[in-house]
Amino acid sequence: MMLAVDTSTDQIGIALGDGDQTIAEWIWRSQQYHTVELAPAIAELLRHAGVSMDSIEALSVAVGPGSYTALRVGLAVAKGMALARNLPLIGIPTLDVLAAGQPACGLPLGAVIRAGRGRIALGWYRSSSNSARNGLHTEDETHGDWRADGPAEVTTVDALAKSIDRPTLIAGELTTEERQRLARKKKNVVLAPPHSCLRRPSLLAEIGWRRYQSGQVDDTAALTPIYLHHAEPSGE
Amino acid sequence: MCLQGDLGAGKTTFVQGMAQGWGSLDGVTSPTFILVNEYRRPDGALLFHMDAYRLDSPVAALELDIDRMLTKGALVVEWPQRVGWALPAEQLRVTMEDVAEEQRHIEFRAKGARYDGLLEELQHTLFGVAG
Chain R
1 MMLAVDTSTD QIGIALGDGD QTIAEWIWRS QQYHTVELAP AIAELLRHAG
51 VSMDSIEALS VAVGPGSYTA LRVGLAVAKG MALARNLPLI GIPTLDVLAA
101 GQPACGLPLG AVIRAGRGRI ALGWYRSSSN SARNGLHTED ETHGDWRADG
151 PAEVTTVDAL AKSIDRPTLI AGELTTEERQ RLARKKKNVV LAPPHSCLRR
201 PSLLAEIGWR RYQSGQVDDT AALTPIYLHH AEPSGE
Chain U
1001 MCLQGDLGAG KTTFVQGMAQ GWGSLDGVTS PTFILVNEYR RPDGALLFHM
1051 DAYRLDSPVA ALELDIDRML TKGALVVEWP QRVGWALPAE QLRVTMEDVA
1101 EEQRHIEFRA KGARYDGLLE ELQHTLFGVA G
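Keeping their order, the protein sequence lines are chains R and U. Take the first sequence: its position 99, counted from the start at 1, is 99 in the numbering used here, and no numbers get skipped. Each number in the numbering used here corresponds to the 1-based position in the second sequence with 1000 added.
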């Protein structure tokens, strides 16, 4: 069994899965402190699902980009559990989890999360199963096999809207106002529906499980979050 | 709010008064060694009190998650010049100077519409005139 933890932003997600089944998944927007909420929530999830800590074989954690404090809490808890119980730990880029939840549609994908002060972290993805075929899909085909297309960057919704000049799928944490601003580019922007804009910890568990099965585990002590620094403002 | 002034100018004392007026549940102490204090109010509002004296760059302030502080509450920063562009361009800048043992010269400067408004309000409260 894999325990997955994603605290990249105000949205916390935790899930239990074994590669074949998702046993439990909780996602909520934290109102207080991740430090206060995360560990008790994991204990509660395990209790709720009737899963004992002894049956956890490996942990996966979202490593960012995201907000500094939030990422640190998730990594600290995951590392603490991994070290204390001698479990393998797998770090997955946060935007990979978001991308993995999007359908294959033949469009480029812009995956976004909040980056503070009204800015967003943006990662571009391309689906290798680009030609969405009609008829039956296998599971892997309906969910595109998204590959990151360059490193994530910090930008703004306005800059993103300006840069879009061809049909593009946009998914992730966006405010109502930001969705409206992007929707004005109607012809070219396909906004993922709100449920697809959640980062699903069950997907984090699946991706982590595959990595675990193929032996690609991380060095627990050396694993660090991906922080995206805002660039120094120019012209001031 | 950026709070400038030499050692002994009374920055921490000033924040003590601020926090008291704001309704803090927590006592104000100098955050020189722990870098950031967090003060709570009964309604859940937060006031962050940063001492940037031991920070050596704007990036150090970003790594302390200054963005979270700016999102979750109000932020007062001592030695703001240490962390330069990590601070928002719009701010209230308060500069304190020693004039005599029990006398300080305090200068308020507003940058941005919100802070212009706050300064005007302060002027009105203190001196009964609008700026």
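Note that beta-carbon positions come from the ideal geometry of N, C-alpha and C, so glycine has one too.
- Unbroken beta strand (DSSP E) run spanning U:PHE1108, endpoints: 1103 to 1111
- Item | beta strand (DSSP E) runs wholly inside the region 82 to 165 of chain R, at least 3 long, in chain order | 89 to 92, 109 to 114, 120 to 127, 146 to 148, 153 to 155
- Which listed residue (R:ILE164, R:THR168, R:ASP165, R:LEU191) has its alpha carbon closest to that of R:GLU177: R:LEU191
- Task: Give a yes or no on whether 8 Å exceeds the smallest Cβ distance from R:SER67 to chain U.
- Result: Among the CB atoms of chain U, one or more fall inside 8 Å of the CB of R:SER67.
- Query: Near R:CYS197, which residues of its chain fall below 6 Å by C-beta distance, leaving aside the five closest residues on each side in sequence?
  - Reply: ALA171, GLY172
- With which residues is R:LEU191 paired in a DSSP beta bridge? R:LEU191 pairs with R:ILE170.
- Measure the C-alpha to C-alpha separation of U:SER1030 and R:ARG200 and round it to an integer number of angstroms. 42 Å
- Query: Is the beta carbon of R:LEU95 less than 8 Å from the beta carbon of R:GLN102?
  - Reply: no
- Query: With 16 other CB atoms within 10 Å as the buried threshold, where does U:GLY1117 fall?
  - Reply: exposed
- Query: Going by C-alpha distance, which of R:LEU223, R:HIS229, R:THR175 is nearest R:PRO88?
  - Reply: With distances taken between Cα atoms, R:PRO88 lies closest to R:LEU223.
- Item | N-terminal and C-terminal residue of the alpha helix (DSSP H) that U:TYR1039 is part of | Taken as a continuous stretch (DSSP letters only), U:TYR1039 belongs to no alpha helix (DSSP H), being part of the beta strand (DSSP E) at 1036 to 1040.
- Query: In terms of residues, what are the limits of the alpha helix (DSSP H) holding R:HIS48?
  - Reply: 34 to 49
- Item | Simplified DSSP state of U:VAL1059, which is helix, strand or coil | helix
- Message: Measuring only the C-alpha atoms, how far is R:ILE92 from U:GLY1128?
- Response: 58 Å
- Message: Please classify R:GLN213 as buried or exposed, where buried requires at least 16 neighbouring CB atoms within 10 angstroms.
- Response: exposed
- Item | Inter-stretch contact at 8 Å, needing at least 3 Cβ pairs: the region 1070 to 1088 of chain U / the region 1034 to 1049 of chain U | yes
- Message: Assuming the contact rule is C-beta atoms closer than 8 Å, R:GLU206 and R:GLY13 should be a hit. Round their C-beta distance to whole Å, please.
- Response: Incorrect: roughly 13 Å between the Cβ atoms, too far for contact.
- Message: Taking the straight line between their C-alpha atoms, what separation do you get for U:VAL1094 and R:PRO225?
- Response: 36 Å
- Can you check whether the CB of U:LEU1070 is closer than 8 Å to the CB of U:PRO1058? no
- Please list the residues of the region 202 to 213 of chain R that have a C-beta atom closer than 9 Å to any C-beta atom in chain U, keeping them in chain order. none
- Examine chain U for any beta-carbon lying closer than 8 Å to the beta-carbon of R:GLY215, and answer yes or no. Output row for R:GLY215: interface = no.
- Task: Identify, in the order they occur along the chain, each residue of the same chain with its Cβ nearer than 8 Å to the Cβ of R:ILE113, setting aside the five sequence neighbours on each side.
- Result: SER8, THR9, PRO65, GLY66, THR94, LEU95, LEU98, ILE120, ALA121, GLY172, GLU173, ARG199
- Interface positions of the region 111 to 132 of chain R facing chain U (Cβ-Cβ less than 7 Å), listed along the chain: GLY116, ARG117
- Item | Pairwise C-alpha distance: R:GLU25 and R:ALA41 | Approximately 11 Å between the Cα atoms of the pair.
- Task: To the nearest angstrom, report how far apart U:LEU1126 and U:GLU1120 are at their CA atoms.
- Result: 10 Å
- Task: Note the first and the last residue of the continuous alpha helix (DSSP H) segment covering R:THR176.
- Result: Per DSSP, the continuous alpha helix (DSSP H) segment holding R:THR176 begins and ends at 176 to 183.
- Exposed or buried, which one is U:THR1032 when buried takes at least 16 other CB atoms within 10 Å? exposed
- Message: Does the CB of U:GLU1063 have a neighbour CB from chain R at under 8 Å?
- Response: Any Cβ of chain R closer than 8 Å to the Cβ of U:GLU1063 would place that residue at the interface, and such an atom is present.
- Message: My output table needs one value for U:GLY1117: the three-state DSSP class, helix, strand or coil.
- Response: In the structure shown, U:GLY1117 sits in a helix (DSSP, three-state: H, G or I).
- Message: Assess contact between the region 54 to 74 of chain R and the region 1061 to 1069 of chain U, defined as three or more Cβ pairs (one per stretch) separated by less than 8 Å. Is contact present?
- Response: At 8 Å Cβ cutoff, the stretches touch.
- Query: Once you ignore the five residues that flank R:GLU37 on each side, which residues in its own chain have a CB closer than 8 Å to its CB?
  - Reply: ILE12, SER30
- Scan the region 1067 to 1082 of chain U for residues whose Cβ lies nearer than 7 Å to a Cβ of chain R and list them as they occur along the chain. Residues passing the 7 Å Cβ filter: ASP1067, ARG1068, LEU1070, THR1071.
- Query: Quick one: Cα of R:ALA152 to Cα of R:ASP165, how far?
  - Reply: 19 Å
- Using 8 Å as the limit for Cβ to Cβ distance, is R:HIS34 near chain U? no
- Could you give the C-beta distance for U:ARG1040 and U:TRP1022, rounded to a whole number, given that I count them as a contact under 8 Å? With 8 Å as the limit, U:ARG1040 and U:TRP1022 do not qualify as a contact, their Cβ atoms being about 10 Å apart.
- Message: Can you check which of these residues, U:LYS1011, U:PHE1108, U:GLY1112, U:ALA1113, is closest to U:GLN1123 by C-alpha distance?
- Response: U:PHE1108
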